[in-house]
Amino acid sequence: MYQRIVAAIDDGTFPPGARLPPEPELAGQLGVSRSGLREVLILLQEDGVITRRQGVGSTVNQLPPAPGLERLLPVEALLGPGTVRCRRLAAELEEPTDFSGYHLRLAPAERACFWETVVEVDGSPACFAHEWAVDDKVLRTTAGRDLPDALRASLAEPDATPHDATGTPDGTMLAAFLDAEPGHGLTARSTLGATMLGTERGHAISRPPETPALLLTQTVWTAGRPVLAAKYLFPAGAPLLSLASRR
């Protein structure tokens with residue numbers, strides 16, 4: 121159902137800025153229950169594809185969205201003072217998920233590089249990061265670049281010992297891209313929303329699954345091609361984010 125709605129967005133049935141049909145009508149068109157549709161719409165909003173508003177309905181997000189996060193920085197740099205460390209939980213090549221397939225424009229047969237990382241500040245979990253990147257072949261073909269050395273090394277040795285986040289192979293994936301490129305030629309679009317931590321993420325950082333969290337969804341582009349897509353969840357109680365905006 122997720123992919124059918126995304127396909128309708130991609131083919132112009134529901135262009136950016138358009139409002140999706142009311143839930144009863146859309147459920148009828150798709151031949152699904154309203155409860156099942158509602159779950160997919162919640163996921164589409166979490167993934168930054170649509171925006172849902174009470175009394176208004178669901179609207180397809182514009183690409184790119186309005187400016188807000190003006191500087192492309194890894195989450196390590198947004199978490200303010202304190203000792204920042206990254207604890208990587210997974211590093212692997214995987215089949216496209218609904219999220220990575222949509223945001224990275226991956227074909228079903230392609231693979232994405234995946235990192236799952238907990239960012240800690242002074243020993244306390246401050247951010248749960250899910251990051252996906254196109255693989256080396258796609259990046260080289262479409263953007264004329266290689267994957268950052270840190271990313272390729274982590275996939276070869278996924279059980280490496282964590283290090284301090286700044287400038288090391290075990291920072292976030294975005295940090296690895298910025299270290300390799302020094303930010304040149306990279307642009308991003310981001311959305312902010314609210315969600316809950318969920319069972320698996322809560323277990324990983326010893327927090328209840330119903331813990332409220334701020335969700336930052338981000339897609340990074342180079343040479344007109346999305347190369348990195350990420351979800352960063354900041355649970356309630358995490359340090360304040362330091363964001364810069366300009367008029």
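For the sequence shown, the numbering used here begins at 121 and goes up steadily by one.
All C-beta atoms, glycine included, are put in the ideal place defined by N, C-alpha and C.
Remember, predicted model here, so these are calculated numbers, not experimental data.
> If you pair each beta-carbon of the region 217-230 with each one of the region 193-205, do three or more pairs fall below 8 Å?
Replying inline: no
>> Only counting the same chain, and skipping five residues up and downstream in sequence, which positions put a Cβ closer than 6 Å to that of Glu215?
In response: none
> How many angstroms separate the CA atom of Glu196 from the CA atom of Leu334?
Replying inline: 16 Å
>> Which residue wins for smallest C-alpha separation from Ala249, given the options Arg309, Ile325 and Leu267?
In response: Ile325
> How long is the line joining the alpha carbons of Ala127 and Arg154, rounded to whole angstroms?
Replying inline: 19 Å
> Are Ala350 and Glu251 closer than 8 Å when you measure CB to CB?
Replying inline: yes
> So, is Gly188 buried or exposed, given that buried needs 16 or more other C-beta atoms within 10 angstroms?
Replying inline: Here the model assigns Gly188 a pLDDT of 45, short of 50, so the residue's position is not dependable and the matter cannot be decided.
>> I'd like to check one pair, Gly291 with Ala343: are the Cβ atoms closer than 8 Å?
In response: no
> For the putative contact between Leu348 and Ser310, defined by C-beta atoms under 8 Å, what is the C-beta separation to the nearest angstrom?
Replying inline: In fact, because the Cβ distance is near 12 Å, the residues do not count as touching under 8 Å.
> Quick one: what's His250 bridged to in DSSP?
Replying inline: Glu236 and Lys351
> Would the beta-carbon of Trp235 fall within 8 Å of that of Ala273?
Replying inline: no
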